[in-house]
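Peer 1:
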Amino acid sequence: MHTNLPLWDDGRSQPLPTLDGDTTADVCVVGLGGSGLSCIDELRAMGRSVVGIDAVGVAAGAAGRNGGLLLPGTADYHHDAVRLLGRARALRLHELTLEETRRIDAQAPGTVRYPGSIRLSASPDEDADCDAHFATMRADGLPVERYDGPFGHGLFFPGDAAFNPLARCRALAVSVQANGARLFGASPATHIARGSVVTPGGTVRCERVIVAVDGRLEVILPELRGTVRTARLQMLGTAPAPEVSIPCPMSYRYGFDYWQQTPEGCVALGGGRDIAMDESWSTAAEQTDVVQSHLERVLREQLGVRAAITHRWAASVSYTETGLPVFAEVRPGVWAIGGYSGTGNAVGALCGRGAARVACGERSELAELIRR
Ligand SMILES: Cc1cc2nc3c(=O)[nH]c(=O)nc-3n(C[C@H](O)[C@H](O)[C@H](O)COP(=O)(O)OP(=O)(O)OC[C@H]3O[C@@H](n4cnc5c(N)ncnc54)[C@H](O)[C@@H]3O)c2cc1C
77 MHTNLPLWDD GRSQPLPTLD GDTTADVCVV GLGGSGLSCI DELRAMGRSV
127 VGIDAVGVAA GAAGRNGGLL LPGTADYHHD AVRLLGRARA LRLHELTLEE
177 TRRIDAQAPG TVRYPGSIRL SASPDEDADC DAHFATMRAD GLPVERYDGP
227 FGHGLFFPGD AAFNPLARCR ALAVSVQANG ARLFGASPAT HIARGSVVTP
277 GGTVRCERVI VAVDGRLEVI LPELRGTVRT ARLQMLGTAP APEVSIPCPM
327 SYRYGFDYWQ QTPEGCVALG GGRDIAMDES WSTAAEQTDV VQSHLERVLR
377 EQLGVRAAIT HRWAASVSYT ETGLPVFAEV RPGVWAIGGY SGTGNAVGAL
427 CGRGAARVAC GERSELAELI RR
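Quick note: the sequence shown uses the working numbering, first residue 77, plus one each step.
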């Protein structure tokens, strides 16, 4: 059993050098998950010199330890997003996240697939919500079908993507380094201010700082306490499970549980946060018995998987009250992105690109769309 290692980890990590001495760059990006790496990619495309630092290494946080559902939009279902933002903004966000998914695919070839995804209903109340979800998507011309099959009933979203989140980040890290970005691991930012980011090994002197950290964002930037709140999410993974054939990623109980079967046949299953909601509000990132027992029940009783559980893990994300990400200049010259409320794969990368543009004085359509 691999304890607190994600199923995605094939042991082929790319150790980065530790920052050793002072250095300079136009921009310092703190956090090398999918959002920070996309930000760095955009900055390099804009011709800026970049240093990226991480407390641990590439995709050490949620970006390399998540469920691998690469869905369009933000944390809200489309009909909820329409209610929150209005139809035009919700639709445009949907479109931009789809474009970002195609970009992720192009940048990390072989890590993304498009099997569609299924939302399974668990109750009459959720049936009604699925009806509203279906009606709004149809009215907006978005692809959705009713699902009624061996896994239950709900909605099918043709064309939705899934990926190996860790492989994607590793591929992107290689690509941005080849493109001139300098990345450092084991280099936690201990002091962040306009013009400098301090780590134990040295200081990055820079014109702008972008903090691209989802979980524990309010620990790094205490001014965001009250705006974001860190939570622990958990998963487990199995050996290849030929006894089941799960055609695409699925979510259940309003997305509180979710799973996918990888091309190798392994099942990655996460969720159960609501089973112990109070204790999920934690900056700790170790798995707990109560949630792992719930995940195991879903795996065995609902999905009928008999294969051995080989991995159990947890990681931190952060939530916002509105479900919309944080995208703000929190200190003069210091921008922060994060708070994806459990769904940050596509929108996080998009925020990374947007933050690169805004920090360098350019316009970002995304920043305008998610303004509160
Ligand atoms: C179990 C789980 C399942 C999930 N499932 C899905 C899913 O299926 N689909 C989806 O869209 N989203 C999912 N999410 C959410 C998604 O993983 C995150 O929103 C997204 O990956 C955030 O990426 P990020 O790059 O913004 O931040 P993070 O992944 O949080 O990366 C931040 C990086 O910053 C580093 N760091 C932290 N502090 C410092 C510091 N002081 N100095 C330097 N570096 C620092 C960390 O080491 C880390 O590498 C899930 C999350 C979890 C935990």
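Quick reminder that beta carbons are idealized off the backbone N, C-alpha and C, glycines included.
All of these numbers come straight from a predicted model, not from anything done at the bench.
Using the Cβ count rule (16 or more neighbours within 10 Å means buried), how would you classify valine 434?
Peer 2: Here the question's residue 434 lines up with position 358 in the sequence shown. Its Cβ being crowded by 16 or more others within 10 Å, valine 434 is buried.
Peer 1: To which residues of the same chain is threonine 212 closer than 7 Å at the C-beta, ignoring the five residues directly before and after it?
Peer 2: Position 136 of the sequence shown holds residue 212. Same-chain partners within the cutoff: His154, His155 and Val158.
Peer 1: Taking the C-alpha atoms as reference points, what is the distance between glycine 256 and serine 125?
Peer 2: The count along the sequence shown starts at 1 and reaches residue 256 at position 180. The count along the sequence shown starts at 1 and reaches residue 125 at position 49. Answer to the nearest angstrom: the Cα atoms are 8 Å apart.
Peer 1: Excluding the 5 residues preceding and the 5 following threonine 306 in the sequence, name in chain order all residues of the same chain whose CB lies nearer than 6 Å to its CB.
Peer 2: Numbered from 1 along the sequence shown, position 230 holds the residue referred to as residue 306. Excluding sequence neighbours, threonine 306 sits near Gly291, Arg292, Thr359, Ser392 and Ser394.
Peer 1: Could you round the C-beta distance between valine 285 and valine 402 to whole angstroms and report it? I think they count as a contact, below 8 Å.
Peer 2: As a first step, residue 285 must be located in the sequence shown, where it is residue number 209. As a first step, residue 402 must be located in the sequence shown, where it is residue number 326. That belief does not hold up - the Cβ atoms of valine 285 and valine 402 are roughly 15 Å apart, past 8 Å.
Peer 1: Given a cut-off of 9 Å on the beta-carbon distance, is the pair alanine 237 and arginine 163 in contact?
Peer 2: Residue mapping note: residue 237 aligns to position 161 of the sequence shown, counting from 1. Residue mapping note: residue 163 aligns to position 87 of the sequence shown, counting from 1. For alanine 237 and arginine 163, no; Cβs fall outside 9 Å.
Peer 1: With respect to 8 Å, is the separation between the Cβ of proline 264 and the closest non-hydrogen atom of ligand 1 below this value?
Peer 2: By one-based count along the sequence shown, residue 264 stands at place 188. Proline 264: yes, Cβ under 8 Å from ligand 1.
Peer 1: Identify every run of the alpha helix (DSSP H) within the region 134-169, keeping only runs that are complete inside it and at least 4 residues long; order them along the chain.
Peer 2: 154-161, all fully within the region 134-169.
Peer 1: Measuring alpha carbon to alpha carbon, tell me which of Gly420, Ala131 and His387 ends up nearest glycine 399.
Peer 2: One-based indexing of the sequence shown puts residue 399 at position 323. Checked all of Gly420, Ala131 and His387; the closest Cα to glycine 399 is Gly420.
Peer 1: Which complete alpha helix (DSSP H) runs does the region 393-440 hold, if anything under 4 residues is left out?
Peer 2: Runs found: 421-435.
Peer 1: With a Cβ-Cβ cutoff of 9 Å, do serine 193 and cysteine 324 count as a contact?
Peer 2: The sequence position of residue 193 within the sequence shown is 117, counting from 1. The sequence position of residue 324 within the sequence shown is 248, counting from 1. For serine 193 and cysteine 324, yes; Cβs fall inside 9 Å.
Peer 1: Below 8 Å on the Cβ atoms is my guess for threonine 314 versus aspartate 98; work out the distance and round it to an integer in Å.
Peer 2: As a working note, residue 314 is residue 238 in the sequence shown. As a working note, residue 98 is residue 22 in the sequence shown. Their Cβ separation, rounded to whole angstroms, is 47 Å, which puts threonine 314 and aspartate 98 out of contact at 8 Å.
Peer 1: What's the C-alpha gap between glutamate 299 and alanine 131?
Peer 2: Your numbering for residue 299 matches position 223 in the sequence shown. Your numbering for residue 131 matches position 55 in the sequence shown. Straight-line Cα distance between these residues: approximately 20 Å.
Peer 1: Report buried or exposed for methionine 353, applying the criterion of at least 16 other Cβ atoms within 10 angstroms of its Cβ.
Peer 2: Here the question's residue 353 lines up with position 277 in the sequence shown. Methionine 353 comes out exposed.
Peer 1: Who are cysteine 282's beta bridge partners in DSSP?
Peer 2: For the purposes of this step, residue 282 is identified with residue 206 of the sequence shown, where counting begins at 1. Answer by DSSP bridge pairing, in chain order: Ala101.
Peer 1: Sorry if obvious, but does the Cβ on serine 440 come closer than 8 Å to a heavy atom of ligand 1?
Peer 2: Here residue 440 refers to the residue found at position 364 of the sequence shown. No; taking the cut-off as 8 Å, the Cβ of serine 440 has no heavy atom of ligand 1 nearer than that.
Peer 1: Methionine 311: buried (16+ other C-beta within 10 angstroms of its C-beta) or exposed?
Peer 2: Your numbering for residue 311 matches position 235 in the sequence shown. Buried.
Peer 1: Cα-Cα, which of Ala151, Asp207 and Met326 is closest to alanine 422?
Peer 2: To locate residue 422, count along the sequence shown from 1; it is residue 346. The shortest Cα separation from alanine 422 among Ala151, Asp207 and Met326 belongs to Ala151.
Peer 1: Tell whether a beta-carbon distance below 9 Å holds between valine 304 and glycine 424.
Peer 2: Working through the sequence shown from its first residue, we reach residue 304 at position 228. Working through the sequence shown from its first residue, we reach residue 424 at position 348. Contact flag unset, no.
Peer 1: Below 8 Å, how does it come out for the region 336-356 and the region 365-381: are there three or more Cβ pairs, yes or no?
Peer 2: Output reads yes: the region 365-381 touches the region 336-356.
Peer 1: Taking 9 Å as the threshold (C-beta atoms), are alanine 249 and leucine 113 in contact?
Peer 2: Residue numbering aside, residue 113 sits at position 37 when the sequence shown is read from its first letter. Residue numbering aside, residue 249 sits at position 173 when the sequence shown is read from its first letter. Taking 9 Å as the Cβ cut-off, leucine 113 and alanine 249 qualify as a contacting pair.
Peer 1: Measuring only the C-alpha atoms, how far is glutamate 372 from leucine 81?
Peer 2: Position 296 of the sequence shown, counted from the start, is the residue given in the question as residue 372. Position 5 of the sequence shown, counted from the start, is the residue given in the question as residue 81. Approximately 17 Å between the Cα atoms of the pair.
Peer 1: Do proline 110 and alanine 135 have their CB atoms nearer than 9 Å?
Peer 2: Locating residue 110 in the sequence shown gives position 34, counting from the first residue. Locating residue 135 in the sequence shown gives position 59, counting from the first residue. The sequence given here has glycine at residue 110, not proline. It is a contact, given that the beta carbons lie within the stated cut-off.
Peer 1: Beta carbon of tryptophan 389: closer than 8 Å to some heavy atom of ligand 1?
Peer 2: Counting from one through the sequence shown, the residue named residue 389 turns up at place 313. It does: the Cβ of tryptophan 389 is within 8 Å (strictly closer) of some heavy atom of ligand 1.
Peer 1: Between the C-alpha atoms of glutamate 319 and aspartate 333, what's the straight-line distance to the nearest angstrom?
Peer 2: The residue you call residue 319 lines up with position 243 of the sequence shown. The residue you call residue 333 lines up with position 257 of the sequence shown. Rounded to the nearest angstrom, the two C-alpha atoms are 21 Å apart.
Peer 1: Provide the residue(s) that pair with phenylalanine 332 in DSSP beta bridges, ordered along the chain.
Peer 2: The residue you call residue 332 lines up with position 256 of the sequence shown. Answer is none; phenylalanine 332 lacks a bridge partner.
Peer 1: Taking isoleucine 180 as the reference, which of Ile322, Phe239 and Pro316 has the closest Cα?
Peer 2: Position 104 of the sequence shown holds residue 180. Here the closest residue by C-alpha is Phe239.
Peer 1: When we look at the beta-carbon of glycine 133 and count the other beta-carbons within 10 Å, is it buried (16 or more) or exposed?
Peer 2: In the sequence shown, counting from the first residue as 1, residue 133 sits at position 57. Buried.
Peer 1: What residue from Val273, Gln253, Thr386 and Ser417 has the CA that sits closest to serine 356's CA?
Peer 2: Walking along the sequence shown from the start, residue 356 turns up at place 280. Minimum Cα distance to serine 356 is reached at Ser417.
Peer 1: Taking only the alpha-carbon atoms, compute the straight-line gap between proline 316 and alanine 384 and give it to the nearest angstrom.
Peer 2: As a first step, residue 316 must be located in the sequence shown, where it is residue number 240. As a first step, residue 384 must be located in the sequence shown, where it is residue number 308. For proline 316 and alanine 384, the distance between alpha carbons rounds to 8 Å.
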